[in-house]
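Undergrad: In the numbering used here, the protein residues as written are 190 to 520. So that we are looking at the same thing, I have put the structure below in structure tokens.
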Amino acid sequence: MNQLTDRYQRTIDYLRISITDHCNLQCRYCVPFGGRSKLPMDDILTYEEMFTITRAAVAAGVTKIRLTGGEPLMRRNMLQFCRWLADLEEITDLSLTTNGVLLEKMAADLKAAGVRRVNVSLDTLRPDRYAEITGKDALGRVLRGIEKAAQVGLTPIKINMVPMRGVNDDEIIDMARWTETVPYDIRFIELMPTNGWAKDKHSRLLIPIDEIRRRVASIGPLEDLPTIKTRGPATYAQLPDARGRIGFIAALSHHFCKTCNRLRLTADGKLRACLFAEEEVDIIAALRSGAALPDLTAIVQSCVDAKPERHCLNDDPSPFRNGRAMQAIGG
Ligand code: SAM
């Protein structure tokens with residue numbers, strides 16, 4: 190089994206694949222300026238192409254895959270792609286990040302197709318506010334989707350919330366309290382200045398993770414949990430007698446780059462070693478001009494060799510001007 194290691198001795202074993210740029214929500218802090226672009230179908234990787242690139246990444250040392258988007262459940266025949274990935278014996282973890290709108294009807298099939306667990310993005314538990322933030326009155330569907338995912342065993346379920354001052358931060362405590370009754374991980378993520386809306390108002394909207402933690406700790410003593418072996422970006426704590434855990438992801442205020450183990454493949458076939466760097470490798474071009482599997486594996490390796498030590502978000506948000514980062518992002 191190969192191991193992919195970068196210049197800073199980080200082991201890169203995790204590939205996040207954006208399988209579509211389409212989304213059924215228009216979240217204010219996420220949708221690119223002027224609306225989400227719909228790339229022409231010819232510019233989007235086919236499942237066969239994604240699978241070939243995945244096999245090249247697996248040959249280089251990747252063992253974990255997360256599917257994201259856009260909204261991954263929107264792409265037709267995505268279950269078939271999940272089955273292909275789940276059948277790769279080197280893959281030890283296949284997961285998905287979703288807004289949950291289509292989860293109720295797809296959860297059982299996802300489980301049967303080999304997906305192990307899901308992360309669901311949910312910024313509010315209030316129906317009106319959900320419609321305001323996302324542009325769709327769909328909170329009930331998302332909550333039913335989460336329940337269904339739990340029922341069929343797509344666990345542990347992680348719920349990602351982006352608290353924004355004056356938008357939904359009065360629900361930080363309600364969200365944290367949810368862990369007292371459900372076995373979900375509720376994770377708070379700092380708002381990143383990734384689109385025009387979030388960038389213009391960033392200093393007003395951003396709630397640093399230390400403040401979020403202080404607010405959660407006002408409910409009761411928070412017990413810190415040991416860092417999890419999977420080396421994700423979250424630190425975890427728990428309220429007394431809670432069923433679920435509370436995660437804190439400091440995308441900006443504390444760099445988590447030291448433990449970053451990720452590579453990203455965008456829907457239009459660009460490989461990125463860092464979500465927040467402008468550098469990307471045009472792996473779709475190589476593939477479409479006939480590169481064989483070992484050539485693609487070499488491309489994956491060279492992309493990892495160029496992985497920056499840390500993201501540039503705090504210094505220079507330029508990657509967000511052209512919306513490229515949003516095509517790569519994924520919870
Ligand atoms: N559609 C899927 C979903 O909603 O989970 C996957 C794609 S979505 C872009 C992935 C995650 O990125 C979501 O959890 C969303 O909250 C997060 N996200 C998007 N824009 C963000 C921003 N400006 N700051 C922090 N997180 C952001």
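All C-beta atoms in this analysis are idealised placements derived from N, C-alpha and C, irrespective of residue type, glycine included. Note that this is a predicted model, so its numbers are computed, not measured.
Are Arg548 and Glu469 close, meaning C-beta to C-beta below 8 Å?
TA: The requested residue 548 is not part of the displayed model; the chain covers only 190 to 520.
Undergrad: Could you name the residues of the same chain whose beta carbon sits closer than 7 Å to that of Lys300, not counting the 5 residues immediately before and after it, in chain order?
TA: Val341, Gly342 and Leu343
Undergrad: Are the beta-carbon atoms belonging to Thr257 and Arg196 less than 8 Å from one another?
TA: no
Undergrad: Val307 and Leu214 - do their beta-carbons sit closer together than 8 Å?
TA: no
Undergrad: Please indicate yes or no: does the CB of Thr521 lie closer than 7 Å to some heavy atom of the ligand SAM?
TA: In the structure as shown, the chain begins at 190 and stops at 520. Residue 521 is therefore absent and cannot be evaluated.
Undergrad: Which one of Ile408, Leu277, Ala302 and Trp367 has the shortest CA to CA distance from Thr252?
TA: Residue Leu277 is the option with its Cα nearest to Thr252.
Undergrad: Quick check: is any heavy atom of the ligand SAM less than 7 Å from the C-beta of Asn357?
TA: no
Undergrad: Please classify Leu328 as buried or exposed, where buried requires at least 16 neighbouring CB atoms within 10 angstroms.
TA: buried
Undergrad: Out of Ile242, Cys212, Thr200 and Met230, which has the shortest C-alpha to C-alpha gap to Gly479?
TA: Ile242
Undergrad: Which of the three DSSP states is assigned to Gly537 in this structure?
TA: Because residue 537 is not part of the residues shown, which for the chain are 190 to 520, the question remains open.
Undergrad: With a threshold of 16 other CB atoms inside 10 Å of the CB of Met350, please say whether the residue is buried or exposed.
TA: buried
Undergrad: Note down, one range per segment and in chain order, each beta strand (DSSP E) of at least 3 residues found wholly within the stretch 387 to 443.
TA: 424 to 427 and 435 to 438
Undergrad: Would you list the residues sitting across from Met353 in a DSSP beta bridge?
TA: Looking at the DSSP output, Met353 sits in a beta bridge with Leu395.
Undergrad: State yes or no: is the C-beta of Asp374 within less than 8 Å of the C-beta of Lys347?
TA: yes
Undergrad: Please go through the same chain and pick out, in chain order, the residues whose beta-carbon is closer than 7 Å to the beta-carbon of Ala296, but skip the five residues on each side of it.
TA: Around Ala296: Gly334, Lys337, Ala338, Val341 and Leu343.
Undergrad: Tell me Ile254's beta-bridge partners as DSSP assigns them.
TA: Leu204 and Leu283
Undergrad: Mark Leu482 as exposed unless 16 or more other C-beta atoms lie within 10 angstroms of its C-beta, in which case mark it buried.
TA: exposed
Undergrad: Which stretch, first to last residue, makes up the alpha helix (DSSP H) that contains Arg451?
TA: Element bounds for Arg451: not the alpha helix (DSSP H) but the beta strand (DSSP E), Arg451 to Leu454.
Undergrad: What's the call for Met364, buried or exposed, on a 16-neighbour Cβ count within 10 Å?
TA: It is buried - the Cβ of Met364 has at least 16 other Cβ atoms within 10 Å.
Undergrad: Within 7 Å: the Cβ of Leu380 and any heavy atom of the ligand SAM?
TA: yes
Undergrad: For the alpha helix (DSSP H) containing Phe377, name the first residue and the last one.
TA: Counting along the chain, Phe377 falls outside any alpha helix (DSSP H), though it belongs to the beta strand (DSSP E) covering Asp374 to Ile378.
Undergrad: From Trp367 to Thr486, what does the alpha carbon distance come to, in whole angstroms?
TA: 43 Å
Undergrad: Which of the three DSSP states is assigned to Ile348 in this structure?
TA: strand
Undergrad: Contact between the stretch 272 to 288 and the stretch 303 to 321: three or more CB pairs below 8 Å?
TA: yes
Undergrad: Going by C-alpha distance, which of His211, Leu268 and Val247 is nearest Gly259?
TA: His211
Undergrad: Contact defined as beta carbons within less than 8 Å: I believe Arg434 pairs with Leu414. What is the distance between those atoms, to the nearest angstrom?
TA: 6 Å
Undergrad: Please look up how many angstroms separate the CB atoms of Arg376 and Ala423, rounded, as I've assumed it's under 8 Å.
TA: At roughly 5 Å, the Cβ-Cβ gap stays under 8 Å, so Arg376 and Ala423 are in contact.
Undergrad: Is Thr313 close to the ligand SAM? I mean its beta-carbon at under 7 Å from any heavy atom of the ligand.
TA: no
Undergrad: Going by C-alpha distance, which of Ile208, Ile378 and Lys227 is nearest Phe240?
TA: When C-alpha distances from Phe240 are compared across Ile208, Ile378 and Lys227, the shortest belongs to Ile208.
Undergrad: Do you know how far the Cα of Leu441 is from the Cα of Glu379?
TA: 7 Å
Undergrad: Contact check, Pro221 vs Asn384 under 8 Å by CB: the rounded distance?
TA: 6 Å
Undergrad: In terms of residues, what are the limits of the alpha helix (DSSP H) holding Val309?
TA: Where Val309 is concerned, there is no enclosing alpha helix (DSSP H), although the beta strand (DSSP E) it sits in stretches over Arg306 to Ser310.
Undergrad: To which residues does DSSP link Arg461 through a beta bridge?
TA: Arg453
Undergrad: Indicate whether Leu228 and Gly458 have their beta-carbon atoms separated by less than 8 Å.
TA: The criterion of a C-beta distance shorter than 8 Å is not satisfied by Leu228 and Gly458.
Undergrad: Return yes when at least one heavy atom of the ligand SAM lies under 7 Å from the C-beta of Glu260, else no.
TA: Yes, the beta carbon of Glu260 sits closer than 7 Å to at least one heavy atom of the ligand SAM.
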